[in-house]
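Inspection log for the structure reproduced underneath, given as structure tokens.
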Amino acid sequence: MASSAADLHIFFLPLLAPGHMIPMLDLSILISARGPRSTIVTTPANAKLLRPSLSDTDNPNIHLLTIPFTSDESIHLPENLTGHPIPDITPEFYASLCRLEPHFESLLLTHRPDCIISDIFYPWTATLAKRYGIPRIAFHGTSYFSFTVMSVVSLLRLYESVSSFDEPFLVPGLRHNIKMTRSQVPSIITSPQEFMAGFPASLKESYGMVMNTFHELEPAYADSFKSFGGMRSWNVGPVFLCRRSVDSLRNRGGAAACEVFRWLDGKDAGSVLYVCFGSLARFTAAQLREMRAGLEAAGRSFIWVVPDDPATEGSVPATGEQEGSVGFVIKGWAPQLAILEHEALGGFLTHCGWNSCLEGIAAGVPMVTWPLFADQQFNERFLVDVLGLGVSVGSVVNSTRPEERTVVVAERVAAAVEAVMGGGEEADERRRKAREMKEAAARAVGEGGSSEVDLGRMVEELMALKMIRIKETAVNERISA
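Per my numbering, residue 1 is the first one in the sequence shown, and the count goes up by one each step.
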């Protein structure tokens, strides 16, 4: 029986947070462009967030299905992590993720997809995939480097080898000299929640893992994982380059976006610093005041994206161009990709979330690094120590709770900004490396590029698995007849 990619149907189940949903949407766009049907399964409130991006794709092969989100009646959790005061995957939120399982299984029975691509935070999808005889591919929204370092630190419990939170330890077995402190290690490693115990087993049960990275960015770590990681993997990033139309990206922000681009158009090339900490960042008022003072003291033109939160009133400037200042402030959402692509951009002050790291790399922009929680401290080490693209402000406490993090003073902020935006051999070398990585990212997703080829291989393997299942079913039917 002949079959084509158009016969392949893949279910996608992203974690309910923007930094996980958007890359998986982008992955579905890339896969569907090759013929397969993609169905993104999410909750009603999150479906509303995804629909505008889906409408831009104009691809009839991508669909949305919703399943209900429920939480304990006494808690009433928001459906997306952005609505939580502290952006932790708590036991209560994880319980709600687990309640998705029967509804997801019902969709499996109705639609009979050929594969599940799900976030690593849904270990139960590996069990369902096995039950229905289809492959589950885990989506891991980080780099091979960070995955490797996290695994080594966790397995060897290196954070227990030091006598204080700020004493550095060396991460062994790596191609680079990577040192960290206990304070930089996330709590998911030092004191993991009980519900995470099943994650490693679910990865082993999975058919493979898809990574939003590209080979040329981290060849040693990608090759090492593929050789010794114990499971298949495909590096297919940067996946967001599938929606790189600057015009459409500019238009998403409405009038506010038009205003910031008019402001940018009046700036010299490479003169503006973009400051954004993603959708889950929280800061104390004291830290916001120091950040503001540091940005203004640096004397460089900047765009600062601040939370649309009444609690920040008085700590951050009003929106728009700042009178008597060199800054432009945006509250809430900003068209980040289009801003980073603008020729006026010369630097990116980032929280080191992996999506933002990749976006800065693909735009060819050196970075000021300010990690907050989760894998961000590992990503900072990758940007600074491995790629040589970043300068740290000195944020050394890994915590989702802003009051637990040490305040980074204005002088440190200004010094890091100047190191990235100023002159000198080191700054010029960072810019040169940034340009090289930008070109490498574009090549990776282009025709015949490493990510384009790996994506094709993944689709071909899934097609081959489907053909095997079809033949096995036909044989079993003949035997039973």
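Where a beta carbon is used, it is the ideal one built from N, C-alpha and C, also for glycine. Predicted, not measured: the structure shown is a model, and the values here were computed from it.
Where the beta strand (DSSP E) through residue i begins and ends
i	result
residue 304	301 to 306
residue 349	345 to 350
residue 369	367 to 369
Bridge partner(s) assigned by DSSP for residue i
i	result
residue 416	Its beta-bridge partners do not exist; DSSP assigns none.
residue 491	With the chain running from 1 to 481 in the structure shown, residue 491 is simply not present.
residue 138	118, 209
residue 327	302
residue 38	10, 62
residue 173	Its beta-bridge partners do not exist; DSSP assigns none.
residue 384	Beta-bridge pairing links residue 384 to no other residue.
residue 459	Beta-bridge pairing links residue 459 to no other residue.
Coil, strand or helix - residue i by DSSP
i	result
residue 274	strand
residue 478	helix
residue 211	strand
residue 261	helix
residue 246	Bear in mind that the predicted position of residue 246 carries a pLDDT of just 46, short of 50, making it unreliable; the figure below should be weighed with that in mind. Looking at residue 246 - three-state DSSP - the assignment turns out to be helix.
residue 66	strand
residue 190	helix
residue 433	helix
residue 251	Bear in mind that a pLDDT of 49 at residue 251, under 50, signals an unreliable position, so the number given afterwards is only what the model happens to contain. Of the three classes helix, strand and coil, the one that applies to residue 251 here is helix, per DSSP.
residue 168	strand
residue 339	helix
residue 16	coil
residue 472	helix
residue 1	Reliability fails at residue 1, whose pLDDT of 43 lies under 50, so the model's placement of it is uncertain and no value is given.
residue 530	Coverage of the chain is limited to positions 1 through 481, which leaves residue 530 absent and any answer about it impossible.
residue 406	coil
residue 181	strand
residue 483	Any answer about residue 483 is impossible in this case: the structure gives the chain only from 1 up to 481.
residue 162	coil
residue 23	helix
residue 29	helix
residue 286	helix
residue 482	The structure shown does not extend to residue 482, since the chain is modelled only from 1 through 481, so no value can be given for it.
residue 83	helix
Host alpha helix (DSSP H) of residue i (start-end)
i	result
residue 357	354 to 363
residue 130	124 to 131
residue 95	91 to 98
residue 202	199 to 205
residue 226	219 to 228
residue 111	101 to 111
residue 152	144 to 156
residue 267	It is not in any alpha helix (DSSP H) - residue 267 carries neither H nor E in the DSSP assignment.
residue 55	44 to 57
residue 381	376 to 381
Residue i versus residue j - alpha carbon distance
i	j	result
residue 446	residue 378	28 Å
residue 133	residue 9	14 Å
residue 5	residue 220	32 Å
residue 350	residue 267	21 Å
residue 288	residue 90	26 Å
residue 12	residue 469	20 Å
residue 131	residue 42	21 Å
residue 298	residue 415	7 Å
residue 67	residue 227	38 Å
residue 277	residue 305	8 Å
residue 174	residue 452	27 Å
residue 275	residue 328	10 Å
residue 368	residue 391	5 Å
residue 165	residue 225	30 Å
residue 376	residue 77	25 Å
residue 143	residue 92	28 Å
residue 371	residue 467	45 Å
residue 330	residue 336	11 Å
residue 295	residue 413	7 Å
residue 110	residue 103	11 Å
residue 397	residue 404	8 Å
residue 265	residue 421	18 Å
residue 49	residue 196	27 Å
residue 82	residue 473	44 Å
residue 263	residue 394	30 Å
residue 332	residue 308	5 Å
residue 146	residue 450	20 Å
residue 240	residue 284	31 Å
residue 17	residue 80	5 Å
Closer than 6 Å: residue i CB and nearest the ligand ZN heavy atom
i	result
residue 411	Inclusion of the ligand ZN in the displayed structure is not the case, the ligand content being empty and no account of it being possible.
Rounded distance between the beta-carbons of residue j and residue i, thought under 8 Å
i	j	result
residue 286	residue 407	6 Å
residue 348	residue 365	5 Å
residue 236	residue 303	Residue 236 to residue 303, Cβ: 30 Å. No contact.
residue 292	residue 316	6 Å
residue 87	residue 199	Wrong, their Cβ atoms sit about 19 Å apart, outside the cutoff.
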